Structures are given as C-alpha cells and as structure tokens.
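Colleague:
2 protein chains.
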Amino acid sequence: MIDHRVSVGDIRNAADRIKGYVHRTPTLTCSTLDNLAANPDVGLKLFFKCDNFQKVGAFKIRGATNAILSLLSSHPDRSPSEFSVITHSSGNHAQALAYASQALGVRCHVVMPSNSASVKKDAVRGYGAMVTECVPTLQAREDGVNAIISEMRASGKEITFIPPYDDVRVIAGQGTMALELMEQAASLDAPLDILIAPVGGGGMLSGCAVAAKGVDPGIWVVGAEPAGADDAYRSFNAKKFIPSVDPQTIADGLRTSLGEITFPLIMANVDAIHTVSEVEIVRAMKLVYERMKLVVEPSAAVGLAVALYGSEFKEQIRILASKKQKQDLNVGIIFSGGNVDLANLSTLFDIAGNN
Amino acid sequence: MIDHRVSVGDIRNAADRIKGYVHRTPTLTCSTLDNLAANPDVGLKLFFKCDNFQKVGAFKIRGATNAILSLLSSHPDRSPSEFSVITHSSGNHAQALAYASQALGVRCHVVMPSNSASVKKDAVRGYGAMVTECVPTLQAREDGVNAIISEMRASGKEITFIPPYDDVRVIAGQGTMALELMEQAASLDAPLDILIAPVGGGGMLSGCAVAAKGVDPGIWVVGAEPAGADDAYRSFNAKKFIPSVDPQTIADGLRTSLGEITFPLIMANVDAIHTVSEVEIVRAMKLVYERMKLVVEPSAAVGLAVALYGSEFKEQIRILASKKQKQDLNVGIIFSGGNVDLANLSTLFDIAGNN
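Read top to bottom, the protein sequences are chains A and B. The opening position of the first sequence corresponds to residue 1 in this note's numbering, with each subsequent residue numbered one higher. The opening position of the second sequence corresponds to residue 1 in this note's numbering, with each subsequent residue numbered one higher.
1. Which residues mark the beginning and the end of the beta strand (DSSP E) in which VAL215 of chain B is found?
2. Assuming LYS361 of chain B contacts THR32 of chain B (C-beta within less than 8 angstroms), just tell me the rounded distance between them.
3. Helix, strand or coil: how does DSSP classify SER84 of chain A here?
4. Please report how far the alpha carbon of ILE196 of chain B lies from the alpha carbon of LEU205 of chain B, in whole angstroms.
5. Where does the unbroken beta strand (DSSP E) through MET130 of chain A begin, and where does it stop?
6. Can you tell me where the alpha helix (DSSP H) with ASP328 of chain A in it begins and where it stops?
7. Tell me the DSSP secondary structure of HIS93 of chain A in three-state form.
8. Out of A:GLY128, A:SER336, A:VAL110, which has the shortest C-alpha to C-alpha gap to LEU104 of chain A?
9. Within this structure, are the beta carbons of ALA64 of chain B and ALA100 of chain B separated by less than 8 angstroms?
10. Taking only beta-carbon positions, decide if PHE47 of chain A is within less than 8 angstroms of chain B.
11. Measure the beta-carbon distance from VAL270 of chain A to ALA209 of chain A and round it to whole angstroms, keeping in mind my assumption that it falls under 8 angstroms.
12. At the 8 angstroms Cβ level, is LEU33 of chain A part of the contact set with chain B, yes or no?
13. Can you round the beta-carbon distance between GLY253 of chain A and GLY207 of chain A to whole angstroms, since I take them to be within the 8 angstroms contact cut?
14. Report the residue ranges of all alpha helix (DSSP H) runs contained in full by the segment 11-71 of chain A; include only those spanning at least 4 residues, in chain order.
15. Terminal residues of the continuous beta strand (DSSP E) containing LEU195 of chain B?
16. With distance defined between alpha-carbon atoms, name the residue in A:LEU138, A:GLN174, A:ILE334, A:ALA272 nearest to ASN13 of chain A.
17. What number of angstroms, rounded off, separates the C-alpha of GLU315 of chain B from the C-alpha of GLY126 of chain A?
18. Let me know if THR176 of chain A comes out buried or exposed under the rule of 16 or more other beta-carbons within 10 Å of its beta-carbon.
19. Please confirm whether GLY214 of chain B and SER7 of chain B have their CB atoms less than 8 angstroms apart.
20. Starting from LEU342 of chain A, find everything on chain B with Cβ-Cβ shorter than 8 angstroms and list it in chain order.
21. Using Cβ-Cβ distances below 9 angstroms, what residues of the segment 77-98 of chain B are close to chain A?
22. Sorted by chain position, which residues of the same chain lie with C-beta nearer than 7 angstroms to ALA15 of chain A's C-beta, five sequence neighbours on each side aside?
23. Mind checking LEU46 of chain B: buried by the 16 CB within 10 Å criterion, or exposed?
24. Would you give the residue range spanned by the alpha helix (DSSP H) that MET267 of chain B belongs to?
25. Quick one: does GLY200 of chain B have its CB under 8 angstroms from some CB of chain A?
26. Return the first residue and the last residue of the beta strand (DSSP E) that GLU225 of chain B is part of.
27. Between PHE59 of chain B and chain A, is there a C-beta pair that is closer than 8 angstroms?
28. If PRO247 of chain B and ARG255 of chain B are in contact, beta carbons under 8 angstroms, what's the gap, nearest whole angstrom?
29. Closer than 7 angstroms, Cβ to any Cβ of chain A: which residues of the segment 203-234 of chain B, in chain order?
30. Out of A:SER70, A:VAL119, A:VAL111, state which residue places its alpha-carbon closest to the alpha-carbon of ASN339 of chain A.
31. Answer with yes or no whether the minimum CB distance from GLY353 of chain B to chain A is below 8 angstroms.
32. Buried or exposed: where does HIS23 of chain B fall if 16 or more other Cβ atoms within 10 Å of its Cβ makes it buried?
33. Buried or exposed for HIS75 of chain A, going by 16 or more other Cβ atoms inside 10 Å?
34. From SER257 of chain A to PRO40 of chain A, what does the alpha carbon distance come to, in whole angstroms?
35. Check whether the Cβ atoms of ALA224 of chain B and GLY303 of chain B sit closer than 8 angstroms, and answer yes or no.
36. Where does VAL110 of chain A sit, in a helix, a strand or coil, going by DSSP?
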C-alpha cells in the first residue's frame with residue numbers, strides 16, 4: 001500500500017531539494033486590478049505569483065524537478081545517467097520533464113499524441129528527450145508508455161513513470177509555489193487571507209492547498225475552474241469523484257479530470273471551488289496584458305477571473321471579511337504559466353470584446 | 001537666452017523630485033536572450049530596464065512629472081490648481097502629462113489630431129484633461145496649442161507648454177531611467193559596459209546618455225533606431241541636423257525628428273547610433289513575449305534588436321571587449337513602454353515569420 005498523503009513537511013523538503021534548479025519567481029501587485037476587484041464593502045489587495053516567469057514558462061518544472069531529484073536520492077549509489085523517466089503529455093509537463101531530465105543528466109522518454117503542435121514536439125526533442133508519437137487518445141498514450149516500460153525492463157533497464165499531476169512528488173513540487181507566495185506576501189506586511197489557484201488535474205491546487213493550510217490553517221483556499229470543464233467543481237460539491245466529459249475551454253491546461261491522489265487532498269484542504277465563463281477568462285487575461293504588461297496563458301488567468309467576476313466568490317469574501325472584521329483582504333493568485341500561442345492571441349482577445 | 005544644458009546633477013535632482021510619484025521599475029535578466037545575443041568571441045549579459053511596468057505603461061511619465069514639479073517649485077507661493085499645462089501629442093506623452101497633471105492637481109489641455117485612436121482620446125479625458133481635436137498635421141497641432149495659450153493669457157490665466165521631448169525638464173526626467181538601471185546593475189555586481197536606448201525625438205536617449213556618462217564616463221552609449229526612420233543615425237554621422245522625412249516604421253514612438261536641445265546633447269554624450277530593420281524589430285519583440293513573458297511595444301524592442309542583430313554593433317563590441325580585455329560585456333537595454341494594440345498583435349508577429 002503506497003502512502004498517498006502529502007504534508008507541508010514534504011513540500012518544505014521539496015523546496016529545499018529544487019532550490020537552485022528552478023526560479024524563485026517574483027510576486028507582483030497591480031493597483032489598477034485591485035481597484036477593479038474591489039467590492040462595495042470589501043477591498044481586495046491582489047498578490048500575483050508569477051510562475052509565467054518560471055523556467056520553461058510554467059510551474060510544471062517544480063514538480064518534475066522534485067520527482068526526478070527524489071528518484072535520484074532514493075539510489076544515491078547510482079549515477080544520474082543510469083536513470084530513465086517516462087511520461088505522456090501534449091503540453092507543459094512534457095517540456096518540463098524533458099528540461100529537468102536534461103538539467104539533471106537523466107534519460108527521458110515522452111509519448112506525445114500525433115496531433116500535438118510540432119513546435120511542442122520540437123521543444124521536447126530540443127531538451128534531449130526521446131519522443132514517441134501515438135494516436136491522440138488517453139488509452140493510446142498509456143499503452144505507448146507501458147510498451148516502452150516493458151521493452152526497457154525486458155532488456156534489464158529501469159525506467160520510472162512520472163505522471164503529470166497524480167503523484168505525491170509532483171504535488172509536493174507544485175506546492176512550493178504557495179510556500180514562496182505566502183513568504184513573499186508576509187514580507188510585504190500582507191499575510192494572505194485567501195489563496196486562489198487554477199484547477200485541472202489538481203496537482204497544483206492540492207499541493208498549494210496543503211502548503212497554505214500548513215503555514216496558516218486560517219487561510220481560505222479557493223480552486224478556480226472554467227465552467228466548461230467543471231469536473232472539480234462538481235466533484236467537490238458532490239463529495240465524490242465525477243470525471244471530466246468532453247471539456248470545452250480555451251484554458252487548455254485545465255481540461256483534465258482530478259486524480260485519485262489529488263481529489264482527496266483537495267477535499268481535505270480546499271474551502272471552495274468557483275467557476276468562470278470563457279469570456280471572463282479572456283477578459284481577465286486581457287487585463288493582465290494591458291495593465292500588468294505580462295504574458296500569461298489562458299489557464300493562468302482563471303484565478304484572476306474568479307477574483308474579478310466570480311459571484312459565489314464575492315459572496316464568500318463578504319462573509320470572510322465580516323468574520324475577520326477586516327475591510328480589505330489580501331488575496332494570493334497563482335499565474336501558472338505563460339506559454340501561449342502568439343499567432344492566435346488577437347483572435348483570443350476578440351472573445352473578450354471591448355471591456 | 002535659455003540654458004539648454006542638462007547635467008547629471010539635474011538628473012539626480014529630477015530623481016529626488018519624482019520619487020514617490022513614479023515607479024522605480026525593476027531590471028530583469030534572461031539567460032536565453034543572453035545566449036541568443038552571444039558572439040563567437042564576446043558574450044553579452046543583458047539587463048533590461050522595464051519601464052513597460054511604469055505608470056501609464058511607459059517612461060514618459062518621468063519627464064512629464066519632473067516638468068510639472070519643476071514648474072510648481074518655481075512658484076511655491078501658488079497652489080497647484082492655479083497652474084495649467086498644455087501639449088500636443090497623439091501618443092504616450094499626452095496620457096503621461098494628463099496623468100501627472102491629475103496626480104499633482106494641475107489643469108491640463110491636450111491638442112490631439114482628429115485621427116488619434118478614440119481609446120487614446122478617452123484615456124486622456126479619463127485622466128481629467130481637456131482634449132481639443134485638430135487636423136492631423138504638425139502645423140495644426142502647434143496652431144491649436146498657440147490658440148489655447150493666447151486665449152488663456154487674454155483672460156489673465158497662465159499656461160505652460162510642456163513639449164514631448166525637446167525640453168530640459170523632460171530630458172532630465174527621462175534620464176532617471178538610466179540612473180536607476182546603472183544602480184540596479186551595479187547592485188548585481190554587473191556594472192554596465194554598454195547602455196542601449198531607442199531614439200525618436202531623443203528625449204530619452206539624451207537624458208539617459210547624460211546620466212550614464214555622468215555616473216561612468218567610460219560607459220559606451222548606443223542609440224537604437226529603426227532603419228525606416230533613421231534621421232538620428234544620419235544626423236549623428238553627418239554631424240548636422242537632418243530631419244525625419246516620411247518615416248516608415250511600426251515603432252510608432254520613434255517616428256519623430258531630433259530636437260534643437262536633444263541633438264547637441266546626443267552629439268556630446270552618445271558613442272554610436274545603430275539601425276535595425278522592421279523584421280528585426282518584430283523578431284526581437286516576439287522573443288520578449290516568448291522568452292521573458294513581457295508585453296512591450298514595438299518601439300521598446302529596438303534596443304534588443306540592435307543587441308541581437310546589429311552588424312555595426314557586433315563589430316563595435318569586439319573592439320570594446322578587446323580594449324577592456326573582457327570576454328563578457330554587461331549591456332543595459334531600455335524597455336521604454338508596453339502600450340501595444342492587442343487587437344493587432346498577431347498581424348504584427350506575422351512579420352517576424354518563424355524564428
């Protein structure tokens with residue numbers, strides 16, 4: 001029986017482990033967005049954790065680096081070149097695992113759907129990983145991974161599967177973002193009252209929630225999800241796992257279902273999940289470009305969209321502010337990545353209209 | 001006879017004056033861009049001064065704020081509401097002067113060409129300035145300003161013209177960017193060998209050159225200009241003022257000619273002016289979005305374009321590195337602003353092709 005629990009201690013260990021391999025990204029503020037997020041009776045001071053500035057352009061490098069370093073430390077007698085890792089992914093996790101493998105001297109295989117953008121396949125190969133293409137179904141991806149694992153083991157070589165999110169080492173790595181954000185907000189004399197993180201497979205949200213509650217059990221932790229891919233919202237409220245069926249959202253990083261490990265961690269450590277529409281996501285994203293002069297991907301703007309437009313969220317903060325007897329609340333928001341297709345940006349912004 | 005000299009002392013005074021009214025913007029680095037800028041025998045370490053994060057999205061607020069505060073301090077017996085300022089501009093200077101006027105409690109008039117984007121006219125009005133429209137010629141703009149000045153003076157009211165760049169208070173304000181950048185690079189143990197600033201009217205380049213040479217007379221100061229608007233390049237090399245005729249460049253902030261005050265300051269303090277093509281400007285801009293995850297306007301990318309693609313520049317740095325007996329040079333680059341039309345961004349990036 002594998003232990004699927006993740007503690008704040010695991011996340012602190014991950015932070016020590018990955019230090020020097022990943023960036024400690026800055027936390028930025030924007031008074032214009034604070035004004036736009038203000039409510040009649042509660043002001044919000046927003047603190048943005050900029051993992052769009054992270055290596056490979058997204059937070060995924062944190063979990064990937066922690067997973068590989070954990071693997072290496074479990075066999076300190078072997079050299080990194082004796083290790084191989086494998087995953088299947090069409091997005092940021094593939095690039096992150098390939099980059100981390102190259103940096104740490106480990107071999108890396110990635111099974112990618114044949115309809116992945118060639119720029120993404122080239123990037124993964126550019127980091128020295130071996131790419132195997134498969135037909136674009138989850139079954140084919142898993143079959144591809146299992147075939148390579150069997151082949152390697154048949155020839156006496158060890159290889160370790162690193163899942164994109166449903167893995168305690170990956171979750172602990174992603175949680176380091178929240179540790180840093182809480183320290184950075186506290187150093188600005190603004191300890192966080194609320195933390196908002198996007199939720200797709202739940203690796204980031206579960207890790208950040210464990211970290212945040214571990215540092216301050218009183219913090220209110222919110223998952224932010226596109227209404228068009230609201231499996232986490234429905235699972236959370238039904239208190240049982242409901243998979244994602246035909247998710248429709250431009251936030252391509254958030255189309256996956258929760259996992260067996262991430263779902264119980266979210267149930268235990270998250271206070272609410274709020275959803276936002278596609279137009280709200282693009283409006284929030286456009287404001288980040290216009291007002292903060294930052295490039296973020298659609299998935300990264302979902303947290304800000306909740307703070308600006310989420311009606312359930314606005315109701316919650318009224319209750320929270322009244323309970324805490326505060327007129328202003330400090331809200332941490334995760335900008336998870338900045339890997340956006342520049343060729344489609346104008347088309348994307350058209351969705352927002354003139355706001 | 002008016003004194004048209006600007007000293008590093010004037011720029012230090014401007015820095016003290018505008019402190020608290022404008023942002024001290026961060027200086028960022030990017031190892032991927034350092035690698036792309038490296039030459040066979042000379043490495044470059046790039047330090048980007050991010051005035052795209054400045055208030056109103058561009059450096060122009062520095063000069064406008066210094067000009068108004070200088071005006072107020074010359075009549076300490078009067079209240080700010082007794083002062084009026086006026087300018088003509090279709091771009092960042094109009095918004096900057098309007099914003100600074102509102103912040104300092106001064107009245108502001110802006111003469112804007114009737115073909116200015118309505119979003120820009122609305123923004124200027126949004127900062128409380130009075131907008132007068134005119135036909136889109138320089139003559140009509142100047143006539144519009146003079147008519148308002150005459151009218152105000154006829155009714156016994158004082159009003160001061162604040163030019164967009166050819167003004168010692170404006171130049172001193174823009175120079176504060178270079179003071180900050182040199183301090184920030186030095187605090188990273190990387191004193192600058194080279195400073196690159198874009199050049200249009202020359203307010204920023206002249207101010208930054210005076211500041212840089214005042215702090216370190218050995219620094220090499222470079223003006224970066226679009227080849228399609230190369231009046232500064234031609235004037236500098238001919239050692240006489242040659243106006244801009246029908247400039248053609250997407251770098252809309254750099255279409256103006258040098259001024260009577262900025263040109264002599266540039267001749268005295270700048271070491272070279274290098275030009276780059278439109279494709280080079282867009283390629284550099286695209287790299288900033290892709291690799292640094294920052295939103296910059298085309299004018300702001302011209303300095304990086306010189307560092308990446310300028311053939312005369314590459315020749316110069318070989319000589320400079322050899323003279324200094326250094327293998328790596330520290331290069332400061334000004335990102336002047338981030339006010340770009342998001343609706344046209346994809347079309348713009350198409351110019352760059354796949355790089």
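Glycine included, every Cβ here is placed at the ideal spot set by N, Cα and C. All of these numbers come straight from a predicted model, not from anything done at the bench.
Modeller: Let me spell this out:
1. Run containing VAL215 of chain B: none in the beta strand (DSSP E); it sits in the alpha helix (DSSP H), 203-215.
2. As displayed, chain B neither begins before 1 nor continues past 355, which places residue 361 of chain B out of reach and without an answer.
3. strand
4. One C-alpha to the other measures close to 8 angstroms.
5. 130-134
6. Judged by DSSP secondary structure, ASP328 of chain A falls outside any alpha helix (DSSP H) and instead within the beta strand (DSSP E) spanning 328-335.
7. helix
8. A:GLY128
9. yes
10. no
11. 5 angstroms
12. no
13. With 8 angstroms as the limit, GLY253 of chain A and GLY207 of chain A do not qualify as a contact, their Cβ atoms being about 15 angstroms apart.
14. DSSP runs (the alpha helix (DSSP H)) wholly in the segment 11-71 of chain A: 31-37.
15. Taken as a continuous stretch (DSSP letters only), the beta strand (DSSP E) holding LEU195 of chain B covers 194-198.
16. A:GLN174
17. 31 angstroms
18. buried
19. yes
20. Neighbourhood of LEU342 of chain A in chain B, by CB distance below 8 angstroms: LYS286, TYR289, GLU290, LEU345, SER346, PHE349, in chain order.
21. none
22. The beta carbon of ALA15 of chain A lies closer than 7 angstroms to those of THR176, LEU179 in the same chain, with the five residues before and after it left out.
23. buried
24. For MET267 of chain B, the uninterrupted alpha helix (DSSP H) segment begins and ends at 262-269.
25. no
26. 220-226
27. no
28. The C-beta distance from PRO247 of chain B to ARG255 of chain B rounds to 4 angstroms, short enough to meet the 8 angstroms contact threshold.
29. Listed by position along the chain: nothing, the set is empty.
30. For the residues A:SER70, A:VAL119, A:VAL111, the minimum Cα distance to ASN339 of chain A belongs to A:VAL119.
31. no
32. exposed
33. exposed
34. 36 angstroms
35. yes
36. strand
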